[in-house]
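These notes are about the structure you will find just below.
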Amino acid sequence: MSWVTKASIGTSWVLTTSRPTSGFSRPGKTANGKLHYGQQCFEGLKAYRCKDGSINLFRPDQNAARMQRSCARLLMPHVPTEDFIEACKQVVKANERFIPPYGSGGALYLRPFVIGTGDNIGVRTAPEFIFSVFCIPVGAYFKGGLVPHNFQISTFDRAAPQGTGAAKVGGNYAASLMPGSEAKKSGFADAIYLDPMTHSKIEEVGSANFFGITHDNKFITPKSPSVLPGITRLSLIELAQTRLGLEVVEGEVFIDKLSDFKEAGACGTAAVISPIGGIQYNGQLHVFHSETEVGPLTQKLYKELTGVQTGDVEAPAGWIVKV
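Going letter by letter, the sequence shown gives residues 813 to 1135 in our numbering.
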């Protein structure tokens, strides 16, 4: 299978592939793998306006690589890295007027995705696929500045053992809607998921990755086949080690050893870092640094990474693509 057509359409960039189909009548656009079997994946990244007026894309090659892994997991053809990056650049150029100004805390959010299309009612891979990118301007995630939030351990599982937890697919997020809603109704920012095998280790915080900083200055983040390998998480791991001098450990984070950590946070594209004030488990709220103030190392990591993204701090080699 090969990608055969591409076109810029409004705010989107579209690239499609197909193979011949035969043997049944065409039921229109409703009989496809995306709608019925969840054969789709997506990515999220941002374009930032810099002080000099230029535009930064942050590590799009890593988003391309993750989308390729997601596509492989769902038996979809992968999008070559160069096509992925070029699509993102075209969308940014076409919508440059919508990029929030430097210093506003906003950015242009990009949503690349691949979906299975074409006539298909059987449980099998789709006959056709579409890769597209759309964008939307977003403001600062924290309206009142960087502040801690409390989270609640969920009794639900985010992903099944040996399932699709490490792929960025819609089904994972659909499964999180009820746990997230219940946590918010109880006054928490979101749910935290434990490992699906033993329910003894933290895996993810809502739709973000978890990290904790121990009292002896180790930066620890869960390592599990069910955890989505986040681009922000990957970047914080390198910055924590090379810029802050922290020892980095990718390993197990046991729920009964929260006292090992002096600071904790959730990290992802949307917020970069959401400081965790406390985690409620079995009716008890464990507070880390503070419920009202951000820990000093979490603050430093946030400033370092956002500085890299907007061009105010020197970026490691290969992290920034100019549009």
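Idealized CB from N, CA, C, for every residue including glycine.
| said: What would DSSP say about residue 968, mapped onto helix, strand or coil? | reply: Taking the sequence shown and counting its residues from 1, the one referred to as residue 968 is at position 156. In this structure, residue 968 counts as coil in the three-state DSSP scheme.
| said: Whole angstroms are fine: how far does the CA of residue 1096 sit from the CA of residue 932? | reply: If you number the sequence shown from 1, residue 932 lands on position 120. If you number the sequence shown from 1, residue 1096 lands on position 284. Those two C-alpha atoms are separated by around 49 Å.
| task | Return the CA-CA distance between residue 874 and residue 1072, expressed in angstroms with no decimal places. | result | Against the sequence shown, residue 874 aligns to sequence position 62. Against the sequence shown, residue 1072 aligns to sequence position 260. Straight-line Cα distance between these residues: approximately 31 Å.
| Within 10 angstroms of its Cβ, does residue 1029 collect 16 or more other Cβ (buried), or is it exposed? | Mapped onto the sequence shown, residue 1029 falls at position 217. Exposed: under 16 other Cβ atoms inside 10 Å.
| request: For residue 1128, count neighbouring Cβ atoms within 10 angstroms of its own Cβ and tell me buried if that reaches 16, exposed if not. | output: Residue mapping note: residue 1128 aligns to position 316 of the sequence shown, counting from 1. Per the 10 Å Cβ criterion, exposed.
| To which residues of the same chain is residue 957 closer than 8 Å at the C-beta, ignoring the five residues directly before and after it? | Counting from 1 along the sequence shown, the entry for residue 957 is found at position 145. None.
| request: Would you tell me roughly how many angstroms separate the C-alpha atoms of residue 980 and residue 854, rounded to the nearest one? | output: Along the sequence shown, read from residue 1 onward, the residue named residue 980 stands at position 168. Along the sequence shown, read from residue 1 onward, the residue named residue 854 stands at position 42. Distance between the alpha carbons of residue 980 and residue 854 is about 6 Å.
| field | Span separating the alpha-carbon of residue 994 from that of residue 1004 | value | Indexing the sequence shown from 1 puts residue 994 at position 182. Indexing the sequence shown from 1 puts residue 1004 at position 192. C-alpha separation (whole angstroms): 12 Å.
| message | Whole angstroms are fine: how far does the CA of residue 1032 sit from the CA of residue 1132? | response | Your numbering for residue 1132 matches position 320 in the sequence shown. Your numbering for residue 1032 matches position 220 in the sequence shown. For residue 1132 and residue 1032, the distance between alpha carbons rounds to 25 Å.
| field | Reference residue 937, options 1114, 1083, 887, 947, closest by Cα | value | Here the question's residue 937 lines up with position 125 in the sequence shown. Answer by Cα proximity: 887.
| query | Excluding five sequence neighbours on each side, which residues of the same chain lie with their C-beta closer than 8 Å to the C-beta of residue 1112? | reply | Taking the first residue of the sequence shown as 1, we reach residue 1112 at position 300. Cβ within range, chain order: 1056.
| query | Mind pulling the alpha helix (DSSP H) runs of 4 or more residues that sit fully within the region 1021–1066? | reply | 1043–1054
| Inter-residue Cα distance where the pair is residue 908 and residue 865 | The count along the sequence shown starts at 1 and reaches residue 908 at position 96. The count along the sequence shown starts at 1 and reaches residue 865 at position 53. Distance between the alpha carbons of residue 908 and residue 865: 11 Å.
| If you run the structure through DSSP and keep just helix, strand and coil, what is residue 1087? | Within the sequence shown, residue 1087 is the residue found at index 275, counting from 1. Residue state, collapsed to three classes: strand.
| Spatial distance of residue 1016 from residue 1024 (CA atoms) | What you label residue 1016 is simply residue 204 of the sequence shown in a count that begins at 1. What you label residue 1024 is simply residue 212 of the sequence shown in a count that begins at 1. Near 12 Å, if we compare the C-alpha coordinates of residue 1024 and residue 1016.
| request: Using alpha carbons as the reference points, say which of 1011, 952, 973 lies closest to residue 1081. | output: Translated into positions along the sequence shown, residue 1081 becomes position 269. Residue 1081 has its Cα closest to that of 952, out of 1011, 952, 973.
| request: Would you tell me roughly how many angstroms separate the C-alpha atoms of residue 1107 and residue 962, rounded to the nearest one? | output: Your numbering for residue 1107 matches position 295 in the sequence shown. Your numbering for residue 962 matches position 150 in the sequence shown. If I take the Cα positions, the gap works out to 14 Å.
| Neighbourhood of residue 929 by C-beta, 7 Å cutoff - its chain only, sequence neighbours within 5 removed | Sequence index remark: in the sequence shown, residue 929 carries index 117 (1-based). Cβ neighbours of residue 929 beyond the five flanking positions: 844, 846, 938, 940, 941, 942.
| field | One or two residues paired with residue 950 in a DSSP bridge | value | Here residue 950 refers to the residue found at position 138 when the sequence shown is read from its first residue. Paired residues: 919.
| request: Determine the direct distance from the alpha carbon of residue 986 to that of residue 849, and round the result to whole angstroms. | output: Indexing the sequence shown from 1 puts residue 849 at position 37. Indexing the sequence shown from 1 puts residue 986 at position 174. Whole-angstrom Cα-Cα distance: 13 Å.
| Start-to-end residues for the beta strand (DSSP E) that takes in residue 938 | Position 126 of the sequence shown holds residue 938. Where residue 938 is concerned, there is no enclosing beta strand (DSSP E), given that its DSSP letter is neither H nor E.
| In three-state terms, what does DSSP make of residue 983? | One-based indexing of the sequence shown puts residue 983 at position 171. Reduced to three states, the DSSP call for residue 983 is helix.
| Do you know offhand how far residue 927's Cα is from residue 901's? | In the sequence shown, the residue the question calls residue 927 occupies position 115. In the sequence shown, the residue the question calls residue 901 occupies position 89. When rounded, the distance between both Cα atoms is 21 Å.
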